[in-house]
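Residues in the sequence shown are numbered consecutively from 0, following numbering that gives the first Met the number 0.
Beta carbons are placed, not taken as given, at the ideal position from N, Cα and C, and that holds for glycine.
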Amino acid sequence: MINTNLKFCRRELALTQAQMADKLGIKRSLVGAYEEGRAEPRLATLVNMARLFGITLDQLVTTDFSKKKNAKIIGSVPAPEASGAEDDTDPPTTPAGGKLRILALTVDKDQNENIEWVPQKAAAGYLNGYADPEYLEVLPKFRLPMLSNTGTYRAFEIAGDSMLPIASGTVIVGRYVEDWSTIKDGTPCIVVSKREGIVFKRLFNKLRSGAMFVLHSDNPNFSPYDLNVDDVLEIWEAKSYISSTFPIAELSLERVASLVLDLQQQVALLKRA
């Protein structure tokens with residue numbers, strides 16, 4: 000299983016064995032031996048592989064991704080300094096969120112990508128199954144014709160009132176963000192992370208200065224907080240939302256006073272007529 004996954008990921012990324020070895024910080028001959036099943040990687044190397052591919056160690060050793068037709072390899076990561084031997088150092092990550100990630104998806108009978116809906120009750124399970132096409136198969140699916148055909152979309156039911164007037168229970172449709180460094184400050188996004196789970200926030204990009212995002216709520220009663228890039232699993236830029244609750248416009252005192260003044264002026268004009 001490990002050898003087929005290593006070969007699958009390398010070929011999907013159009014990398015030579017030497018290039019893959021550089022990314023893992025091991026000898027090229029070891030990559031060949033692992034792919035041919037002539038040698039078994041050490042635990043430290045297995046952990047590095049899993050982190051490099053953006054999957055769990057369990058998925059690396061038990062899931063044959065070469066048989067998952069609805070799996071994409073997303074992103075890239077710079078090569079570490081080659082030491083000429085295996086070591087226990089973690090593979091590098093980039094402020095752009097550039098580690099390799101597998102994006103699972105589903106398609107309809109015409110090979111069009113579906114929009115999978117993640118309801119609130121499935122949020123916890125999504126953290127474990129987001130990279131597994133078999134898990135996504137059991138989620139509800141739909142399509143929205145008004146969305147662009149360029150991109151992969153997913154829908155998440157949000158909870159809480161931190162993003163009012165977007166109410167709890169609203170379904171946010173987001174487009175998958177491959178390069179996190181392109182996110183502009185204030186962009187509303189669904190963030191899937193190991194620490195926070197699934198949240199809907201406005202992101203402020205601090206990847207260059209601190210390898211983190213600052214997450215802001217539209218509701219001023221909620222304070223902003225930092226989220227380290229290593230905790231982030233997926234980011235989906237909000238493109239649309241579906242809600243059974245219509246937002247109620249808030250009238251400020253100034254707006255009410257303006258409306259009253261307009262009415263008074265109209266009444267005065269009617270009296271003169």
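Own chain, CB closer than 8 Å to Lys200, minus 5 neighbours either side, in chain order: Within the sequence shown, the letter at position 201 stands for residue 200. Excluding residues within five positions, the ones whose Cβ falls inside 8 Å are Ser161, Met162, Pro187, Cys188, Val190, Leu214, His215, Ser216.
Where the beta strand (DSSP E) through Ala274 begins and ends: Because the chain in this structure spans residues 0 to 272, residue 274 falls outside the shown range and cannot be described.
Which listed residue (Phe141, Thr55, Asn4) has its alpha carbon closest to that of Asp63: Taking the first residue of the sequence shown as 1, we reach residue 63 at position 64. Distances from the CA of Asp63 to each of Phe141, Thr55, Asn4 were compared; the closest alpha carbon is that of Asn4.
Contact between the region 104–122 and the region 133–149 (3+ Cβ pairs under 8 Å): Yes: at least three Cβ pairs fall under 8 Å.
Segments assigned alpha helix (DSSP H), at least 4 residues, entirely inside the region 2–54: Entirely contained in the region 2–54, the alpha helix (DSSP H) runs reaching 4 residues are, in chain order, 16–23, 27–34, 42–52.
Helix, strand or coil at Pro187 according to DSSP, with G and I counted as helix: Against the sequence shown, residue 187 aligns to sequence position 188. The answer is strand: DSSP assigns Pro187 an E or B state.
Range of the contiguous alpha helix (DSSP H) that encloses Glu115: As a first step, residue 115 must be located in the sequence shown, where it is residue number 116. It is not in any alpha helix (DSSP H) - Glu115 instead sits in the beta strand (DSSP E) that spans 114–117.
Residues near Gly196 by beta carbon distance below 8 Å, same chain, minus five either side: Within the sequence shown, residue 196 is the residue found at index 197, counting from 1. Ala122, Ala123, Leu126.
Of the residues Arg9, Ile234, Leu59, the one placed nearest Glu177, counting alpha carbons only: Looking up residue 177 in the sequence shown gives position 178. If we check each option's Cα against that of Glu177, Ile234 comes out closest.
Bridge partner(s) assigned by DSSP for Glu195: Taking the first residue of the sequence shown as 1, we reach residue 195 at position 196. BP columns for Glu195 are empty, so no partner.
Run of the beta strand (DSSP E) containing Tyr175, from where it starts to where it stops: Within the sequence shown, numbered from 1, the residue matching residue 175 stands at position 176. Segment 170–175, the beta strand (DSSP E) holding Tyr175.
Proximity of Tyr152 and Val172 at Cβ, strictly below 7 Å: For this step, residue 152 is matched to residue 153 along the sequence shown. For this step, residue 172 is matched to residue 173 along the sequence shown. Yes; because the gap between Cβ atoms is below 7 Å, this pair is in contact.
Environment of Lys270 [buried if 16+ CB atoms lie within 10 Å]: Within the sequence shown, residue 270 is the residue found at index 271, counting from 1. With fewer than 16 neighbouring CB atoms inside 10 Å of its own CB, Lys270 falls in the exposed class.
Phe203 versus Thr55: straight-line alpha-carbon distance, rounded: One-based indexing of the sequence shown puts residue 203 at position 204. One-based indexing of the sequence shown puts residue 55 at position 56. Distance between the alpha carbons of Phe203 and Thr55 is about 28 Å.
7 Å Cβ cutoff met for Gln16 and Gly36: Residue mapping note: residue 16 aligns to position 17 of the sequence shown, counting from 1. Residue mapping note: residue 36 aligns to position 37 of the sequence shown, counting from 1. In this structure, Gly36 does not lie closer than 7 Å to Gln16 by Cβ.
CA-to-CA distance, Arg50 to Lys26, given in whole angstroms: Along the sequence shown, read from residue 1 onward, the residue named residue 26 stands at position 27. Along the sequence shown, read from residue 1 onward, the residue named residue 50 stands at position 51. Computed Cα separation, rounded: 18 Å.
For Arg142 and Val106, the rounded distance between their alpha carbons: Stepping through the sequence shown from its first residue, residue 106 is reached at position 107. Stepping through the sequence shown from its first residue, residue 142 is reached at position 143. For Val106 and Arg142, the distance between alpha carbons rounds to 10 Å.
Collapsed DSSP secondary structure at Asp225 in the structure displayed: Start at 1 with the first residue of the sequence shown, and residue 225 comes out as number 226. Assigned with DSSP and collapsed to three states, Asp225 falls in strand.
When Ala130, Arg207, Ala158 are compared against Asp184, the one with the closest alpha-carbon: As a position in the sequence shown, residue 184 is number 185, starting the count at 1. The option with the nearest alpha carbon to Asp184 is Arg207.
Ala154: first and last residue of the uninterrupted beta strand (DSSP E) it sits in: On the sequence shown, residue 154 is found 155 positions in, with the first residue counted as 1. Here the beta strand (DSSP E) through Ala154 covers 152–156.
Backbone secondary structure at Ala255 - three-state DSSP: Residue numbering aside, residue 255 sits at position 256 when the sequence shown is read from its first letter. It should be noted that the sequence gives Val, not Ala, for residue 255. Note: Val255 maps to helix in three-state DSSP.
Secondary structure of Asn204, DSSP reduced to three states: Translated into positions along the sequence shown, residue 204 becomes position 205. DSSP places Asn204 in the strand class (E or B) of the three-state scheme.
Backbone CA spacing between Phe282 and Val228 [nearest angstrom]: With the chain covering 0 to 272 only, the question about residue 282 has no answer from this structure.
Three-way DSSP call (helix, strand, coil) for Phe141 in this model: Sequence index remark: in the sequence shown, residue 141 carries index 142 (1-based). Strand at Phe141.
Contact belief for Ala103 with Tyr129 at Cβ below 8 Å, rounded distance in angstroms: Position 104 of the sequence shown, counted from the first residue, corresponds to residue 103. Position 130 of the sequence shown, counted from the first residue, corresponds to residue 129. So it is a contact: roughly 7 Å between Cβ atoms.
Status (buried if at least 16 other CB within 10 Å, exposed otherwise) for Thr44: Counting from 1 along the sequence shown, the entry for residue 44 is found at position 45. Of the residues assessed, Thr44 falls on the buried side of the cut-off, its CB having 16 or more other CB atoms within 10 angstroms.
Start and end residues, alpha helix (DSSP H) containing Leu56: Taking the sequence shown and counting its residues from 1, one reaches residue 56 at position 57. Residues 56–61.
Extent of the continuous beta strand (DSSP E) run through Leu214: Residue 214 sits at position 215 when you count from the first residue of the sequence shown. Going by DSSP, Leu214 is part of the beta strand (DSSP E) stretching over 211–215.
Under the three-state DSSP convention, the category Glu85 falls into: Here residue 85 corresponds to residue number 86 of the sequence shown, with the count starting at 1. Its pLDDT being 41, under 50, Glu85 is placed unreliably by the model, and the measurement read from it follows with that caveat. In this structure, Glu85 counts as coil in the three-state DSSP scheme.
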